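Chains A and B, in that order, are what the protein sequence lines are.
So for the first sequence, our numbering puts the first residue at 27; every next one is plus one.
So for the second sequence, our numbering puts the first residue at 132; every next one is plus one.
Backbone N, C-alpha and C define an ideal beta-carbon position, used for all residues, glycine too.
Values in this document were obtained by computation on a predicted structure and should not be read as measured data.
A quick write-up on the structure given underneath.
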Amino acid sequence: MSVIVKGLTKQFDNQKAVNQLSFEAHPGQILGFLGPNGAGKTTTMKMICCYIEPTEGTAEIEGYDIRLSPLMVRRQIGYLPEHNPLYEEMYVKEFLQFVASIHKIDNKIARISDVIEMTGLGKEQNKIIGTLSKGYRQRVGLAQAILHDPKVLILDEPTSGLDMNQLVDIRSLIRELGKEKTVIFSSHIMQEVQALCDRVVIINDGILVADESIEKLSSRMAANQIIHVEFAQKNISSVIFSHIKGLSDVVIENGQFIFTSDKDSDIRKSIFDTAVSNGLTMLEMRQDKANVEDIFRKLTKSVPHA
Amino acid sequence: MLSVFYKEINSFFSSLIGYLVIGVFLISIGLFMWVFADTSVLDYNFATMDQLFSIAPLVFLFLIPSITMRTFAEEKAKGTIELLYTKPLTTYQIIFGKFMANFTLVIFAIIPTLIYYFSVYQLGSPVGNLDSGAIIGSYIGLFFLSGAFVSIGMFASALTNNQIIAFILGAFLCFFFHWAFLYIARMPVFVTYFDLFIQKLGISYHYNNISKGLVDSRDIVYFLSVIYIFIYATVTVMENRK
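This is the structure in structure tokens:
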């Protein structure tokens, strides 16, 4: 249930911003929606929130189709748009009251003070939105998105332009919200997604390039083993390892051997056996986890054309 | 719808706009009615309010587009329209809420002129010697005229995200629908066969009819149609987004 995107396509003039995109997001899970700038993240989110109409395909939010019942869809969703547009001339509380009245929230005053508490807006709650700093404006944007306690939260780059402290606060809030809600969270920063999300959907040029859990993604891409080995003996020729099957490269750096394997072959055992048969003493063997950042770059660098 | 209405009304009266609109309208109408020698009631020797009702459309021609120009243009320029559109509101609710708020502001500007009515009423000789029927009719006419201008101005604002363009376009369309048909009808080609028909397309024909104190259902239907057509056009424009 929750969010099911089915073959969503958006055509702008002669360019397909989003092309046959399908994925699912479930409650209690934070889905990172990742892609370089201009990949179609924002367009997809706008379609899910019924702001723009898809050219083809559809999406279901909590069982409501975005084409058939957009009003019901909007009731289920809390949306924080990119750039976080707000009514600058309004007071924080006045704005939240306006949003609460749209959603016809029963116990308005209590809910607003709860949300102000949750988002850490306490100090700034009586100010005009236009006078707030970027971090606090972002909190106001988040507050209006969660005010009606939606089942689905769609956040379009909620952390862009925040400083470290604000980032940590907002992230922990999102993590808290993600415990019971379905959160779709877009970003172009891989580390952030790594820190926050359970699953990642990566798109590039409007096409889905990956949809899996963070761990799986890292291990899938870590097919090229990189192994650092340190021996007790110095002045070892790298030629003795040249017979190992699947070895593609050996470099000696600061007295350490760095072995790189071919795709899909585990060379750790062969390295060890070779070392033993040559009477070498191994002090350290360490495998490098491929950085998720590298994976992201790898996945989105090659431009696939369908 | 009510939430949008309250929000708009609040924004008028928590900023200068609301007070400025009411003040400018009352001052300019007041000058024409009481101060300027050419049009002042005091020098006119008749107890009437004709000055108010002939000048008011001219003042509204500038004032109403300046109220309505921000309606959608500002929301689009600042991106807040996305916030509204992704809330559980229909386009009709958003547009009608905004229409009612703009319209209410104009009505607020008109209401204080009732004081002028009582002043002229007292100045009549004998007291109360004025055509109250015509004045009531004129107020009804002004009410509908402002409704029509508001819907036209909002349509102009929906077309662009630049407030200045919205203002100029709105003022032009108001001018066109109010006066242009009157003068087009006088062109030699149309005289004798089509002139009355073309005149009837314009707002001023119906406004003047009602101002005589003759509240005809046809005129009311005309005004309601103009308001509906422009609100409908606004909805169409606002729903047609990529």
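Item	Value
In whole angstroms, give me the CA-to-CA distance for Glu218 (chain A) and Val194 (chain A).	10 Å
In chain order, what residues of the same chain have a beta carbon less than 7 Å from the beta carbon of Ser197 (chain B), not counting five sequence neighbours either side?	Phe298
Count the other CB atoms, across all protein chains shown, that sit within 10 Å of the CB of Ala316 (chain B); report buried if there are 16 or more and exposed otherwise.	buried
Can you list the residues of chain A that Ser146 (chain B) reaches, using a CB-CB cut of under 9 Å?	Glu115
Does any C-beta atom of chain B lie closer than 9 Å to the C-beta of Tyr90 (chain A)?	no
Tyr162 (chain A) CB to nearest chain B CB: under 9 Å?	no
Among residues of its own chain, excluding the 5 on either side of Gly149 (chain B), which ones have a beta-carbon nearer than 7 Å to its beta-carbon?	Phe143, Leu236
Flag this pair as yes or no: are the beta carbons of Ile74 (chain A) and Ile200 (chain A) separated by less than 9 Å?	no
Cβ atoms of Thr68 (chain A) and Glu120 (chain A): under 9 Å apart, would you say?	no
So that I know if they touch, is there some Cβ in chain A lying closer than 9 Å to that of Lys229 (chain B)?	no
Find the residues of chain B that neighbour Phe124 (chain A), judging by a C-beta separation of less than 7 Å, and give them in chain order.	Ser134, Lys138
What is the residue span of the beta strand (DSSP E) that Ala43 (chain A) lies within?	41-51
Please go through the same chain and pick out, in chain order, the residues whose beta-carbon is closer than 7 Å to the beta-carbon of Asp292 (chain A), but skip the five residues on each side of it.	Gln251
As a quick exercise: from B:Asp181, B:Phe354, B:Leu254, B:Val258, pick the residue whose alpha carbon is nearest that of Ile334 (chain B).	B:Phe354
Return yes when the Cβ of Val135 (chain B) is within less than 9 Å of the Cβ of Ile195 (chain B), no when it is not.	no
Starting from Asp174 (chain B), trace the alpha helix (DSSP H) both ways and give me its first and last residue.	172-175
Assuming Val368 (chain B) and Ala289 (chain B) make a contact with CB atoms under 8 Å, what is their CB distance in whole Å?	4 Å
Which class does Gly58 (chain A) belong to by DSSP, given the choice of helix, strand or coil?	strand
At a Cβ threshold of 9 Å, is Gly149 (chain B) touching chain A?	no
What is the C-beta distance between Thr84 (chain A) and Lys32 (chain A), in whole angstroms, given that I count them as a contact (C-beta under 8 Å)?	6 Å
I need the straight-line Cα distance from Tyr212 (chain B) to Ser159 (chain B), nearest angstrom please.	First, the residue type needs correcting, since residue 212 (chain B) is Ile and not Tyr in the sequence shown. Using only the alpha carbons, I get a separation of about 34 Å.
Within the 9 Å Cβ cut-off, does Ile198 (chain B) reach chain A?	no
What residues of chain B sit near His129 (chain A), judged by a beta carbon separation below 8 Å?	Lys218, Pro219
Going by C-alpha to C-alpha distance, which of A:Ile233, A:Asn110, A:Ser264 sits closest to Gln46 (chain A)?	A:Ile233
Counting beta carbon pairs with one atom in the stretch 332-349 of chain B and one in the stretch 260-268 of chain B, are three or more of them shorter than 8 Å?	yes
Here's the rule: buried if 16 or more other CB atoms are within 10 angstroms of the residue's CB, otherwise exposed. What is Arg201 (chain B)?	buried
Tell me whether Ile253 (chain A) sits in a helix, a strand or coil according to DSSP, three-state version.	strand
Closer than 8 Å by beta-carbon distance: list the chain B residues that pair up with Pro107 (chain A), in chain order.	Gly210, Glu213, Leu214, Thr217
Output the boundary residues of the beta strand (DSSP E) element that contains Asn230 (chain A).	225-230
For Pro111 (chain A) and Lys209 (chain B), I'd like the C-alpha separation in whole angstroms.	7 Å
Thinking C-beta only, is Lys177 (chain A) closer than 9 Å to Pro96 (chain A)?	no
CB-CB under 7 Å to Phe306 (chain B), same chain, minus the five flanking residues each way: which ones, in chain order?	Leu192
Rank A:Phe124, A:Gly89, A:Ile253, A:Thr145 by C-alpha distance to the C-alpha of Leu220 (chain B) and give the top, closest one.	A:Phe124
Do you know offhand how far Ile241 (chain B)'s Cα is from Pro188 (chain B)'s?	12 Å
When DSSP builds the beta bridges, which residues end up paired with Asp275 (chain A)?	A:Thr286
Under 9 Å, Cβ to Cβ, is there at least one residue of chain A near Ser142 (chain B)?	yes
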